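Undergrad:
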Amino acid sequence: MPDMTNTPDRARTRFPGISSRAYEHPADRSALVALRSLTGFDVVLRRLSGLFNERAIRLTFLASSVRASENQFHNLYDMVRDAAYILDMPEVPEVYVEQNPAANAYAIGADHPFIVVTTGLLDLHDDEELRFVIGHEVGHILSGHSVYQTMMMILTRLGSRLAWLPLGNIGIAAILMGLREWHRKSELSCDRAGLLTGQDPAAVKRALMKMAGGTRLADMNTDAFLQQAREYDEAGDVRDGMLKFLNLLGQSHPFAVVRLAEIDRWASDGEYARILAGEYPRRADDANAKVTDEVKNAARSYKDSWERSADPFIGKVKDVADAAAGAAGGLFDKLSRRGGDTASQN
2 MPDMTNTPDR
12 ARTRFPGISS
22 RAYEHPADRS
32 ALVALRSLTG
42 FDVVLRRLSG
52 LFNERAIRLT
62 FLASSVRASE
72 NQFHNLYDMV
82 RDAAYILDMP
92 EVPEVYVEQN
102 PAANAYAIGA
112 DHPFIVVTTG
122 LLDLHDDEEL
132 RFVIGHEVGH
142 ILSGHSVYQT
152 MMMILTRLGS
162 RLAWLPLGNI
172 GIAAILMGLR
182 EWHRKSELSC
192 DRAGLLTGQD
202 PAAVKRALMK
212 MAGGTRLADM
222 NTDAFLQQAR
232 EYDEAGDVRD
242 GMLKFLNLLG
252 QSHPFAVVRL
262 AEIDRWASDG
272 EYARILAGEY
282 PRRADDANAK
292 VTDEVKNAAR
302 SYKDSWERSA
312 DPFIGKVKDV
322 ADAAAGAAGG
332 LFDKLSRRGG
342 DTASQN
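All letters in the sequence shown, in the order written, are residues 2 to 347 by this note's numbering.
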C-alpha cells in the first residue's frame, strides 16, 4: 500500500472517517444506500465485475500509459495522495496519464480502482483546477460508483444483443435511462468531492468553464457563465423544455452550465461550510443509513429543484411528479411499518 504519511501542500481541512454520504447528491445517495443494504449484493457485484476484466485493463494501461509516481508526473502523484489523505481513503489509487488530446479523466475498477487522466486534461487546467478534477475522481472511488458503471456497460452490450427481439431492447433502454440519470447525479456528487479536496470554489468554477470553452479564461467570466445557466433554465416555452429533456437523455454528464450552477449553490447554501467545520456523516455509521430516509431525501431534492426552476416544461409536469413522489413516500412508509410490525412479532 502506498505511503499515507504525506500531508497536503497547503493548509486544507482533513475529514477523518468521512462517509461519501456527506457529499453525495440525494438521488445518488438513495440509490447507493439501497444497493449497499441488499443482502448478497457484494456477491452479485463480484460476478458482474468478472465480466469486466479489471486486471487485463490495468495491465493495458501499465503497458501503454505513464503511471504517475515520485519519479513521473510527480505533481499529479502528489495531488492524488493529497486527495486520498483529505478524504481519509484507506488506499491511495494509482493514476495513469494517457496520451489523448481530448480533456478527460475517469476512474476504473472495483477491487482496486485506479484513475486515468489524459494529456489534454493536463494541458487544459492549472494545478488548483486539476486538484478539483482529481478529487472528483477520488470521490467516484470512495462512493463505489464503478458498480453501476459496470452495470451500464453490461446492459448496453445486452441491449445490442436483444435488439432483434420486438420488445427486448425497450426494457433495457428503460433501465439504461434510469441508470444514466443516476450517473448524471453521481457527477454532481463528485463535483462536491472535488471541492472538498481542493477547497477552492473559484478553481472549481474555472475548471468547469474551461471544460465548456477551453483555455481562454481572459475571455470568460464566472458571473456571465452563471447567467447562461439561468437563461438555459428559463429558456423558451414548453417545447424548449421538452427539447432540453430529450437532449439530456443520452448524456452521461450534466451540461457544464448546470454543473457550475449546482456547485455554486452547494458551496454557498451552508452544507459545504458545515462539512468544513467537521459536521458530516462518518463511514462507521454507513450501515445504519436507512433506505426510506434517503428515498424521501431524494424526492425532496427533486421537488426543491423543481421549485427553483423557471423552466415552463418543469412547471407543467411538476404536479404529476409531486403526486408520484408523495405516493412513493407513502408506499415506503407502509413498507417500513409492515417491516417493523413483522420484526416485533418475531
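Ideal Cβ positions, reconstructed from N, Cα and C, are used throughout, including at glycine. All figures in this text were calculated on a predicted structure; none of them were measured in a lab.
#1: Using beta-carbon positions only, say whether residue 141 and residue 134 come within less than 8 Å of one another.
#2: DSSP state of residue 22, grouped into three classes?
#3: Along the beta strand (DSSP E) that carries residue 117, what are the first and last residues, could you check?
#4: Taking one C-beta from the stretch 68 to 83 and one from the stretch 180 to 196 each time, how about it: are there three or more such pairs within less than 8 Å?
#5: Cα-Cα, which of 259, 208 and 30 is closest to residue 228?
#6: According to DSSP, which residues form a beta bridge with residue 109?
#7: Measure the Cβ-Cβ separation of residue 147 and residue 110 and say whether it is below 8 Å.
#8: Per DSSP, what are the beta-bridge partners of residue 97 in this structure?
#9: Measuring CB to CB, does residue 15 end up less than 8 Å from residue 86?
#10: Taking the CB atoms as reference points, tell me whether residue 205 and residue 218 lie closer together than 8 Å.
#11: Below 6 Å CB to CB, which residues in the same chain sit around residue 29 once its five sequence neighbours on both sides are set aside?
#12: Where does residue 114 land, buried or exposed, given buried means 16+ other C-beta within 10 angstroms?
#13: Kindly indicate which residue of 212, 291, 60 and 20 has the alpha-carbon position closest to the one of residue 105.
#14: Rounded to the nearest angstrom, what separates residue 62 and residue 262 at their Cα positions?
#15: In this structure, how does DSSP classify residue 283 when only helix, strand and coil are distinguished?
#16: Looking at the structure shown, is residue 140 part of a helix, part of a strand, or coil, going by DSSP?
#17: Using the Cα positions of residue 279 and residue 230, report the straight-line distance between them to the nearest angstrom.
#18: Do you know whose CA, among 124, 137 and 98, lies nearest residue 254's CA?
#19: Give the straight-line distance between the Cα atoms of residue 271 and residue 277, rounded to the nearest whole angstrom.
#20: Between residue 84 and the rest of its own chain, which residues show a CB-CB distance below 7 Å, the 5 nearest in sequence each way excluded?
#21: Report the option in 82, 144, 56 and 27 whose CA atom is closest to the CA atom of residue 284.
#22: Would you check if the distance between the CB atom of residue 94 and the CB atom of residue 81 is smaller than 8 Å?
#23: Please report how far the alpha carbon of residue 201 lies from the alpha carbon of residue 55, in whole angstroms.
#24: Quick one: using the 10 Å Cβ neighbour count with 16 as the cut-off for buried, is residue 60 buried or exposed?
#25: Smallest Cα separation from residue 257: which of 26, 128 and 214?
#26: Once DSSP output is grouped into helix, strand and coil, what is the label at residue 198?
#27: Suppose contacts are defined by Cβ-Cβ distances below 8 Å. Is residue 20 in contact with residue 282 by that definition?
#28: Helix, strand or coil: how does DSSP classify residue 337 here?
#29: Is it the case that the Cβ atoms of residue 116 and residue 192 are separated by a distance below 8 Å?
TA: Let's see:
#1: Against a cut-off of 8 Å, the Cβ pair of residue 134 and residue 141 comes out as no contact.
#2: Shown here, residue 22 sits in a helix according to DSSP, grouped into three states.
#3: For residue 117, the enclosing beta strand (DSSP E) begins and ends at 115 to 119.
#4: The stretch 68 to 83 vs the stretch 180 to 196: no contact.
#5: For the residues 259, 208 and 30, the minimum Cα distance to residue 228 belongs to 259.
#6: Looking at the DSSP assignment, residue 109 forms a beta bridge with 115.
#7: A distance below 8 Å separates the beta carbons of residue 147 and residue 110.
#8: The partner list for residue 97 (beta bridge, DSSP) reads 68 and 117.
#9: Their beta carbons are under 8 Å apart, which means residue 15 touches residue 86 by this criterion.
#10: By the CB criterion at 8 Å, residue 205 and residue 218 fall outside the cutoff.
#11: Its chain contains 186, 187 and 190 as the residues whose beta carbon lies nearer than 6 Å to that of residue 29, once the 5 sequence neighbours on both sides are disregarded; these appear in chain order.
#12: Of the other Cβ atoms in all chains shown, 16 or more fall within 10 Å of the Cβ of residue 114; this residue is therefore buried.
#13: Measuring from the Cα of residue 105, the nearest candidate turns out to be 212.
#14: When rounded, the distance between both Cα atoms is 35 Å.
#15: In the structure shown, residue 283 adopts extended strand secondary structure according to DSSP, grouped into three states.
#16: Residue state, collapsed to three classes: helix.
#17: If I take the Cα positions, the gap works out to 31 Å.
#18: For the residues 124, 137 and 98, the minimum Cα distance to residue 254 belongs to 137.
#19: C-alpha separation (whole angstroms): 10 Å.
#20: Cβ within range, chain order: 135, 136, 139 and 198.
#21: Of the candidates 82, 144, 56 and 27, the one whose C-alpha sits nearest the C-alpha of residue 284 is 144.
#22: Yes, Cβ-Cβ distance for residue 94 and residue 81 is below 8 Å.
#23: Using only the alpha carbons, I get a separation of about 33 Å.
#24: Result: exposed.
#25: Looking only at 26, 128 and 214, the smallest Cα-Cα distance to residue 257 is reached by 214.
#26: Residue 198 falls in the helix class under three-state DSSP.
#27: Yes, the pair counts as a contact, with Cβ atoms nearer than the cut-off.
#28: Residue placement at residue 337 is poorly supported in this model, since its pLDDT is 48, which falls under 50; the coordinates are not used for a value here.
#29: Not a contact, by the Cβ cut-off of 8 Å.
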